[in-house]
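Encoded as C-alpha cells, the structure appears first; notes follow it.
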Amino acid sequence: MYLIQDMNQTSVLKKLLPGFIPLIIFFVADEVFNTRTALIISILTGLGEFIVIFIKTRKLDTFVLIDTALLTLMGGISIILENDIFFKLKPAIIEAIVAVIIGISVFTPRNLLLNMSKRYLRGIEISDFQISLFNRSLKVFFFIITGHILLIIYSSYYLSNEAWVFISGILFYILFGMFIAYEFVKNKMLARKYRHDEWLPLVDTEGNITGKAPRTLCHQGKGLLHPVVHLHVFNDKNELYLQKRPMDKKIQPGKWDTAVGGHISWGNTLEQGLYREVEEEIGLKNFNPVFVKKYVWETKYESELIFMFLAQTKQKITYNPDELADGKFWKIEEIKSSLGKDVFTPNFEHEFPILMEFLSPRP
Numbered sequence: 036m037y038l039i040q041d042m043n044q045t046s047v048l049k050k051l052l053p054g055f056i057p058l059i060i061f062f063v064a065d066e067v068f069n070t071r072t073a074l075i076i077s078i079l080t081g082l083g084e085f086i087v088i089f090i091k092t093r094k095l096d097t098f099v100l101i102d103t104a105l106l107t108l109m110g111g112i113s114i115i116l117e118n119d120i121f122f123k124l125k126p127a128i129i130e131a132i133v134a135v136i137i138g139i140s141v142f143t144p145r146n147l148l149l150n151m152s153k154r155y156l157r158g159i160e161i162s163d164f165q166i167s168l169f170n171r172s173l174k175v176f177f178f179i180i181t182g183h184i185l186l187i188i189y190s191s192y193y194l195s196n197e198a199w200v201f202i203s204g205i206l207f208y209i210l211f212g213m214f215i216a217y218e219f220v221k222n223k224m225l226a227r228k229y230r231h232d233e234w235l236p237l238v239d240t241e242g243n244i245t246g247k248a249p250r251t252l253c254h255q256g257k258g259l260l261h262p263v264v265h266l267h268v269f270n271d272k273n274e275l276y277l278q279k280r281p282m283d284k285k286i287q288p289g290k291w292d293t294a295v296g297g298h299i300s301w302g303n304t305l306e307q308g309l310y311r312e313v314e315e316e317i318g319l320k321n322f323n324p325v326f327v328k329k330y331v332w333e334t335k336y337e338s339e340l341i342f343m344f345l346a347q348t349k350q351k352i353t354y355n356p357d358e359l360a361d362g363k364f365w366k367i368e369e370i371k372s373s374l375g376k377d378v379f380t381p382n383f384e385h386e387f388p389i390l391m392e393f394l395s396p397r398p
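The letter at position 184 of the sequence shown is residue 219 when you use the working numbering, and the numbering goes up by one with no holes.
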C-alpha cells in the first residue's frame, strides 16, 4: 500500500513540475520585458520542455502533452486578446483535470487512477484493503487540490503577479509536502496501533498473496479476503471428530464445528499454518492431510479463502481447553440427523456434504 502511495506522489510531482517552470519564467520575463513578450517566452519554454522530455524518453507522455497543448492554447489566446488572464488560469485548468480524475476514482465505482497506477505496478496485485487505504488518502488530496484551484483562480483576477506565481507554484509544493507529512504520520500511527496484532496475508480467489492486514481489520466486515485452513479428522471407525466452539467466541458460540480451523499468519505457508493449528487445537503431530477443496466463504464479519483438508488417525485426540470448549468423535448418521437443527455452525453444514461427496466411491 505504501509503495503505491509513494509511487503516485512521486509521479504526480514529476508530471506537474514541468508545468510550473513556464509560470516562473513568465514572472521573471514580465519584470524585464512587457507582458506580451513574457507570454511568448513562457510558451517557447513550455514547448522546449516538451521536446526535451520527448527526446529523453522517446515517447509522448499524455499528461505532458496535454499540459503543453493547454499552455500553448491559453498563452496564445492571452497574446491575441492582449490579456494575460487566460495564461494565468492554465495551472487551475490542468489541476482541475487531475481533480476530475481523482474525483471519479474515489467517488464513483470507476477507479481511473488505480488503473493508471497499474502501468507502474505491473505484476503487483493490489488488494481491496490497499485500495481502501489508497482511496482514503486520495479523498484528502482531492480537497487539497480543489482548494488550491480556487486560490489560483482568485489570485489570477485579484492579486499581483508575485502572489499569483507563489500560489500557482510554490504553494502547491508546500501543500503537497504537508500532505505527504500527514500521510507519513498517519501510517506510523496505524502501524503503532496494530503492532501487537496478528497480521494475516491478503489473497485473491486463487490464493495468491496481494498484501497483508491486521487480524482485527480482517474481522470488521467483508472485503479483506484472507486464507484459512480446515481439517476434518476421521478415526479408524470412520467417525468424524468435531470441536465445540467456546461460548465467548464472537462467531457461532457454543456450536459444533470442523475439528480444526484457523488462520494462516503472515509469513507462514499453507502447510505451516495447517500443522500449527492442528497441534494447537487437538494435539496431532503426525498425520497426512488430503486436500479436498478451496472455496470463498463470506459472512458479515469477514471474507475467508478456505483450504479444506481431511485426515485419518488412530491417535488419541486431546483437545486444548484454551482453544476449544469440547471435542469428540461423531458417527456420520448422528451428524446427518442433527443437520439443520442449530447444532452445527453454518460453515460446517456447508462443508459436510462436500466431504461426503469427496469420500463417496467413484463409479
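Glycine included, every Cβ here is placed at the ideal spot set by N, Cα and C.
query, result
"Proximity winner among Asp239, Ser195 and Leu186, relative to Leu206 (alpha-carbon distances)", "Leu186"
"Distance, Asn243 Cα to Arg157 Cα", "Caution is warranted here: a pLDDT of 49 is assigned to Arg157, below 50, making its placement in the model unreliable, and no coordinate value can be reported."
"Sub-7 Å separation of Asn270 and Phe364 beta-carbons", "yes"
"Segment contact, 8 Å Cβ cut-off, at least three pairs: the region 236-250 with the region 195-210", "no"
"Ile188 versus Val133: straight-line alpha-carbon distance, rounded", "16 Å"
"Contact belief for Tyr354 with Ile286 at Cβ below 8 Å, rounded distance in angstroms", "No, Tyr354 and Ile286 are not in contact; Cβ-Cβ is about 19 Å, not under 8 Å."
"For Phe379: DSSP bridge partner residues", "Trp291"
"Burial state of Leu374 (16 or more Cβ within 10 Å)", "exposed"
"Other residues of its chain near Pro249: CB distance less than 7 Å, five sequence neighbours each side excluded", "Tyr229, Asp232 and Trp234"
"When Asp377, Asn69 and Pro324 are compared against Val264, the one with the closest alpha-carbon", "Pro324"
"C-beta contact flag for Ile136 and Arg145 at 7 Å", "no"
"For Ser395, three-class secondary structure by DSSP", "coil"
"Under 7 Å between C-beta atoms of Lys257 and Ser338", "yes"
"Own chain residues within Cβ distance below 8 Å of His28, not counting five before or after", "One cannot answer for residue 28 here, as it falls past the ends of the chain, which runs 36 to 398."
"8 Å CB neighbourhood of Gly308 in its chain, flanking five on each side removed", "Pro262, Val264, Gly297, His298, Ile299 and Ser300"
"Spatially closest choice to Gln255 from Thr334, Glu315, Ile166 and Gly182, by CA coordinates", "Thr334"
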